[in-house]
């Protein structure tokens, strides 16, 4: 069965990628299914790690927590999210996912549209106020 006809995706079908922040398991993207509008990645973030502040100028995103806890920032607001909770990130909004906790964090990131103008991601973690907004929070790398 080719990608064009695939309707179900198993863990074995996922495209795995080790990013600087997480082990990414891509379940819905063009080399896995014939998607038009959605991207889906399961992200596995070790304790003490983070995906620092960034934006997706041309995509909306949902972060849905499967297990563990996330210190999730959307703009200048943050919440501690646990299993079954989510954050909605509007297109172009600065956000970051931090795991200062002792346990591994597993979450789904759902992005739309699937095909968008580049750049898909812009790192702003070295710019103010993002470079210092977590001052006083537990350190992560």
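Residue numbers (the numbering used here): 27 to 167. C-beta atoms are modelled at their ideal positions from N, C-alpha and C, and glycine is treated no differently.
Query, Result
"By DSSP, does residue 31 sit in helix, in strand, or in coil?", "helix"
"Whose C-beta lies closer than 7 Å to the C-beta of residue 49 among residues of the same chain, with five residues either side of it excluded?", "42 and 70"
"At a cut of 8 Å, does the stretch 105-115 reach the stretch 146-159 through at least three beta carbon pairs?", "no"
"Compute the beta-carbon to beta-carbon distance between residue 167 and residue 74, rounded to the nearest angstrom, for a pair I have assumed lies under 8 Å.", "6 Å"
"Would you identify the three-state DSSP class for residue 37, choosing helix, strand or coil?", "helix"
"Roughly how many angstroms separate the alpha carbons of residue 139 and residue 56, rounded to a whole number?", "12 Å"
"Hey, how far is the Cα of residue 116 from the Cα of residue 44?", "26 Å"
"According to DSSP, residue 81 sits in a beta bridge with which residue or residues?", "148"
"Could you tell me which residues DSSP pairs with residue 70 in its beta bridges?", "49 and 132"
"Residue 135 to residue 78, Cα distance in whole Å?", "15 Å"
"Spatial neighbours of residue 149 within its chain, please: CB distance less than 6 Å, with the 5 preceding and 5 following residues excluded, ordered by chain position.", "80"
"Nearest by alpha-carbon distance to residue 90: which of 76, 83, 119 and 107 is it?", "107"
"By alpha-carbon positions, which one of 40, 131 and 84 ends up nearest to residue 142?", "84"
"Measure from the alpha carbon of residue 37 to the alpha carbon of each residue in 61, 68 and 46, then state which is nearest.", "68"
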